[in-house]
Structure formats: C-alpha cells, structure tokens
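Mind the numbering: the first sequence is residues 28 to 233 in this note's numbering, read in order.
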Amino acid sequence: MGRSPCCEKAHTNKGAWTKEEDQRLVAYIKAHGEGCWRSLPKAAGLLRCGKSCRLRWINYLRPDLKRGNFTQEEDELIIKFHQILGNKWSLIAARLPGRTDNEIKNYWNTHIKRKLIARGIDPRTHQPASAAAAVAPAAAAAPSSHLHHGDDKAVVVRSSCGSRDSSDYDSTSGSVPHQLGLGGGIDLNLSLSPPTSQPLSPAAAN
DNA sequence: AACGTTACCAACCGCAGAGCA
DNA sequence: TTGCTCTGCGGTTGGTAACGT
Numbered sequence: 028m029g030r031s032p033c034c035e036k037a038h039t040n041k042g043a044w045t046k047e048e049d050q051r052l053v054a055y056i057k058a059h060g061e062g063c064w065r066s067l068p069k070a071a072g073l074l075r076c077g078k079s080c081r082l083r084w085i086n087y088l089r090p091d092l093k094r095g096n097f098t099q100e101e102d103e104l105i106i107k108f109h110q111i112l113g114n115k116w117s118l119i120a121a122r123l124p125g126r127t128d129n130e131i132k133n134y135w136n137t138h139i140k141r142k143l144i145a146r147g148i149d150p151r152t153h154q155p156a157s158a159a160a161a162v163a164p165a166a167a168a169a170p171s172s173h174l175h176h177g178d179d180k181a182v183v184v185r186s187s188c189g190s191r192d193s194s195d196y197d198s199t200s201g202s203v204p205h206q207l208g209l210g211g212g213i214d215l216n217l218s219l220s221p222p223t224s225q226p227l228s229p230a231a232a233n
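Take a look at the structure:
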C-alpha cells in the first residue's frame with residue numbers, strides 16, 4: 028500500500044546484535060526509560076531501526092526476564108491459556124512473569140505442539156485429533172504447504188493461521204474458543220486486565 | 001571425520017490499531 | 001472526520017548447534 032518503511036534501511040544494521048549495541052541500548056533505556064522507539068536508535072547512537080531495538084529490549088535485555096527452561100507448570104499454563112486465548116502470545120506472556128511473547132511462541136511451536144500431538148490432541152483446537160479433523164476438515168486437509176525448514180517437519184498444523192484475521196482461531200464462533208474444563212485448581216483470571224495484575228503466584232512461577 | 005537432518009532461538013517483516021494533529 | 005505516524009503483535013525466516021548416519 029505504499030507504506031513507507033519503518034526506518035531508513037540503507038543506514039541500519041540487521042541481524043545479530045553485538046555486545047556493544049546491547050550495552051548502548053541498555054544504557055540508554057536505563058537513563059531515559061522505554062518509549063519513543065522511533066527516535067531511540069538515533070538518540071542512543073545505534074544503527075538500528077526502532078522496532079529492532081524494541082524487540083531486542085523486550086525479548087532479551089529486559090532485566091526482569093527469566094531466561095531458562097520452562098517448568099512443567101509453565102508448560103501446562105501455556106497450554107491452558109492457549110486453549111482459551113489462541114495465538115494471543117502477548118496475552119499469554121502477560122500471565123507468565125519473566126517470559127516474553129516471542130519466547131512462548133517459539134516454545135509452543137517447538138515443544139508444546141509436538142507434545143500435544145503426541146498425546147493425540149490437536150494443538151489448534153485442543154480437541155482430540157480425530158475430532159479436530161472433523162471440526163476443521165479444511166485445515167486438516169490443507170496441504171502442508173508452508174512447513175518451515177526446521178519446525179514441525181512431519182507435523183503439519185502450521186496451516187490455519189495464514190493471516191492475522193484467521194489467527195484467532197475459532198473466529199467462526201466469534202468468541203474465545205471453548206469453555207474448557209479448566210479446573211486444575213488454577214485461577215486463570217482471564218479477564219482482560221492490565222498485565223500488572225498478579226497472574227500467578229511468583230512462588231509458583233519459580 | 002564428514003555429511004545430512006532436525007531442533008531451537010533470535011530477529012525480521014508486514015499488518016492492524018491507537019493516538020494525535 | 002480524515003489522514004498520518006508510531007507502536008505492538010503475530011507469523012515467518014535465517015543461522016547455527018545438536019544429533020544421527
């Protein structure tokens with residue numbers, strides 16, 4: 028649509044961040060706080076676009092990040108939240124302190140999906156695979172066209188979320204997927220409240 | 001030891017929505 | 001009200017480490 032690029036690509040670095048860039052970014056944000064990503068790179072003396080800076084900070088440099096293996100409990104929480112929220116990684120991340128949406132998304136795609144499939148559960152619908160196939164034959168029949176080079180080689184499933192619109196799976200129902208017997212004694216507290224609300228006890232998260 | 005395959009993570013891209021003039 | 005800018009989100013890709021043959 029003729030949208031102008033988010034940054035002057037000719038003058039920005041791409042790819043992996045260097046230590047020095049990290050240091051500059053952290054130092055700048057410590058001094059000035061987050062925000063105004065557009066102008067941050069210039070102000071911080073970075074040859075990066077604002078988006079890249081934001082992503083680096085959020086996914087890697089933020090001091091409150093947990094960084095480490097997901098616990099069994101986190102696993103189960105992610106599954107439950109995904110069951111309710113779908114691919115709303117930011118919402119899921121907001122309920123898992125110290126985890127980022129990107130991290131959760133990656134973890135979902137590389138671990139949890141596989142795990143669910145192994146259990147005979149369709150990771151999109153969270154229904155038993157056979158039932159899911161009946162519910163979404165199109166998705167099931169979709170050619171595994173976009174199998175990514177590494178992930179999910181034999182797993183298919185990438186299909187459904189072609190676009191942003193369809194990513195809220197179950198969009199046909201017009202609402203958040205199912206009432207699931209969530210039980211498990213976990214108060215999911217899924218009302219859309221600011222992420223500052225205590226999602227789960229920190230003790231449990233550790 | 002060399003090569004091919006798989007798994008994983010970091011980063012990029014494009015779009016949508018919010019905010020503002 | 002409209003159009004523009006900026007931010008945030010979700011999907012996708014590239015690079016590489018780990019593993020298997």
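Glycine included, each C-beta is placed from N, C-alpha and C at the ideal position.
Cβ pair residue i, residue j closer than 8 Å
{"i": "residue 76", "j": "residue 45", "result": "no"}
{"i": "residue 139", "j": "residue 111", "result": "no"}
{"i": "residue 67", "j": "residue 80", "result": "yes"}
{"i": "residue 131", "j": "residue 119", "result": "yes"}
Boundaries (first-last residue) of the alpha helix (DSSP H) holding residue i
{"i": "residue 61", "result": "Counting along the chain, residue 61 falls outside any alpha helix (DSSP H), and DSSP gives it neither H nor E."}
{"i": "residue 43", "result": "Premise fails: residue 43 is in no alpha helix (DSSP H) and is neither H nor E."}
{"i": "residue 80", "result": "77–83"}
{"i": "residue 68", "result": "67–71"}
Rounded Cβ spacing between residue i and residue j (contact assumed at less than 8 Å)
{"i": "residue 129", "j": "residue 86", "result": "5 Å"}
{"i": "residue 73", "j": "residue 48", "result": "6 Å"}
{"i": "residue 41", "j": "residue 64", "result": "Their Cβ separation, rounded to whole angstroms, is 16 Å, which puts residue 41 and residue 64 out of contact at 8 Å."}
Contact set for residue i: own chain, Cβ-Cβ below 7 Å, skip 5 residues either direction
{"i": "residue 71", "result": "51, 52 and 55"}
{"i": "residue 147", "result": "155 and 156"}
{"i": "residue 69", "result": "none"}
{"i": "residue 88", "result": "49, 52 and 53"}
{"i": "residue 21", "result": "Outside the shown range of the chain, which is 28 to 233, sits residue 21, and nothing can be said about it."}
Cutoff 8 Å; reference residue i; Cβ partners in own chain excluding five residues on either side
{"i": "residue 226", "result": "Here the model assigns residue 226 a pLDDT of 40, short of 50, so the residue's position is not dependable, and the following value carries that caveat. Excluding residues within five positions, the ones whose Cβ falls inside 8 Å are 121, 122, 123, 124 and 216."}
{"i": "residue 195", "result": "Note on residue 195: pLDDT 36, under 50, position unreliable in the model; no value is reported."}
{"i": "residue 134", "result": "97 and 105"}
{"i": "residue 82", "result": "129"}
{"i": "residue 210", "result": "Per-residue confidence for residue 210 stands at a pLDDT of 41, beneath the threshold of 50, marking its modelled position as unreliable; no derived number is given."}
Beta-carbon proximity list for residue i, same chain, < 6 Å, skipping 5 on both sides
{"i": "residue 228", "result": "The predicted model places residue 228 with a pLDDT of 38, which falls under 50 and marks its position as unreliable, so this point remains unresolved."}
{"i": "residue 153", "result": "110"}
{"i": "residue 181", "result": "Caution is warranted here: a pLDDT of 35 is assigned to residue 181, below 50, making its placement in the model unreliable, and no coordinate value can be reported."}
{"i": "residue 117", "result": "128"}
{"i": "residue 94", "result": "none"}
{"i": "residue 43", "result": "none"}
{"i": "residue 90", "result": "none"}
{"i": "residue 62", "result": "none"}
Residue i beta carbon near the ligand COA (any heavy atom closer than 7 Å)
{"i": "residue 155", "result": "The ligand content of the structure shown is nil, which means the ligand COA is not present either."}
Quiz item: Counting only runs that start and end within the segment 89–142, where is the alpha helix (DSSP H) found for 4 or more residues in a row?
Solution: 99–112, 116–121 and 128–134
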